[in-house]
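Single-structure report; data block below.
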Amino acid sequence: MHLSLAPIAINSRGWARIAYDSGGTRKCAAYVPQEAVTLLQPGADIDFDAAARYASVSREIALSRRFFDLLAARVARDRRHPQPVPKDASEYDAEEAERTRLERLGVTPSSTFLNIGVDNQLTWPRHEELVAFDQYRLVLMPKTNEFVQSISIDLNSNRLSIEQAQTVINRFLSMLSWCDDQFAVVEGGWAGSPVPLPLARRNLAFTSTHQWAFARSMPASEEVRRALALYREARNAEQNFLVSYAVLNYYKIIELRHVGWKAGTKWIADNLSAVLDDPRDQHSIPTFLAACGADSPEKYIYAACRVAVAHASLDRVSDPDEAAELRRLENAADVMRRLARRFIAVDLGVPDDPFAP
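Following this line, the structure appears as structure tokens:
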């Protein structure tokens, strides 16, 4: 027998040829891959030359008749004297266990999973488990020393886009949070894995220094102290995926001096150009302006962001389970954060220099 991975035709690789005796006649049989469609037509075997080589240079393996004689003798001997199953079959056991695990989790050859981390205090399965939520199937992954609790969902079998799958996960957690009366914070994740995968615990980078470079004191102004407290709370919310609270707190900073619709929108209109025209940071501005639509930016920030997240308005509905709505608010929060910083720095006169008086 001769085997090779060399090309057998255009865009087709791999061939095998075996010579054998049949009734005293030496015959030859050949294998060709299914991609070589011209060789699979009726009658193609008549003109097929098994000894021909398509590649000018190739490497092949030859198995002699003696090899098959030894193999047949070994098989016959083992059948006459069967051996016990080897004690160390861990390699095969592990493969079978993994195959069984993937079947139990609903994995198919066409699966593409979205994996999302969840910081929560909900009732959660101790082991990974496939659960049903309406017509959808989700894989819940437990917390370990290395991984956070997470949810994986097969985009293909559930027939969902990434955005739709994120919304389904949010709906599931909202219902679970209501039933358990506990928190559930959806963290980041990624899509594209053929199997459900756990997510590593967040280990965020931070700035360290050999010499402590900070010489600020507590602000004397109560207004400034409140503004800084609100800003820290907003940054915490934004960092921990609670974007609705980030939007609300950034606006509350502006409302320290500009209360109400007219005063707040006027200050935003007067100061927004400094943010929109900042050449150092333009990554979120086009998306923000597109989201404003027919509204002026100041009206959009007040009505579609501040009012929408603070009140159950029928005119401006904000559903924090909807993935598209969360992205909209994340974009708005980026602009509002810069407005809040401008208010604290300019209107309240608080520099961000660690050595400022």
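Per UniProt numbering, residue 1 is the first one in the sequence shown, and the count goes up by one each step. The C-beta atom is built at its ideal place from N, Cα and C for all residues, glycine as well. These figures come from a predicted structure and were not determined experimentally.
Query, Result
"Boundaries (first-last residue) of the alpha helix (DSSP H) holding residue 288", "285-292"
"Closest Cα partner of residue 4 within the set 54, 20, 167", "54"
"Backbone secondary structure at residue 124 - three-state DSSP", "coil"
"Chain-order list of residues whose beta-carbon lies under 6 Å from that of residue 276 (same chain, five-residue window excluded)", "285"
"Local Cβ density within 10 Å of residue 156, reported as buried at 16 or more and exposed below that", "exposed"
"Three-state class that DSSP yields for residue 236 in the structure shown", "helix"
"Beta-carbon spacing of residue 333, residue 318 below 8 Å", "no"
"Proximity to residue 63 [Cα-Cα], best of 56, 57, 71", "71"
"Distance, residue 194 Cα to residue 109 Cα", "8 Å"
"Meets three-Cβ-pair contact criterion under 8 Å: the stretch 135-143 and the stretch 77-86", "no"
"Segment contact, 8 Å Cβ cut-off, at least three pairs: the stretch 144-160 with the stretch 222-238", "no"
"Sequence-distant residues of the same chain with beta carbon closer than 6 Å to residue 152, five excluded per side", "113, 115, 139, 196"
"Euclidean distance between Cα positions of residue 358 and residue 244", "No answer is possible for residue 358: the residues shown for the chain start at 1 and end at 357."
"Nearest-angstrom Cα separation, counted from residue 301 out to residue 291", "10 Å"
"Residue 169 versus residue 335 - alpha carbon distance", "27 Å"
"Three-way DSSP call (helix, strand, coil) for residue 20 in this model", "strand"
"Paired residues, beta bridge with residue 299 - DSSP", "The partner list for residue 299 (beta bridge, DSSP) is empty, contrary to what the question assumes."
"Per DSSP, the bridge partner or partners of residue 7", "13"
"Bridge-paired residues (DSSP) for residue 115", "152, 190"
"Buried versus exposed call for residue 253 [16 or more other C-beta atoms within 10 Å across all chains shown]", "buried"
"Inter-residue Cα distance where the pair is residue 220 and residue 190", "46 Å"
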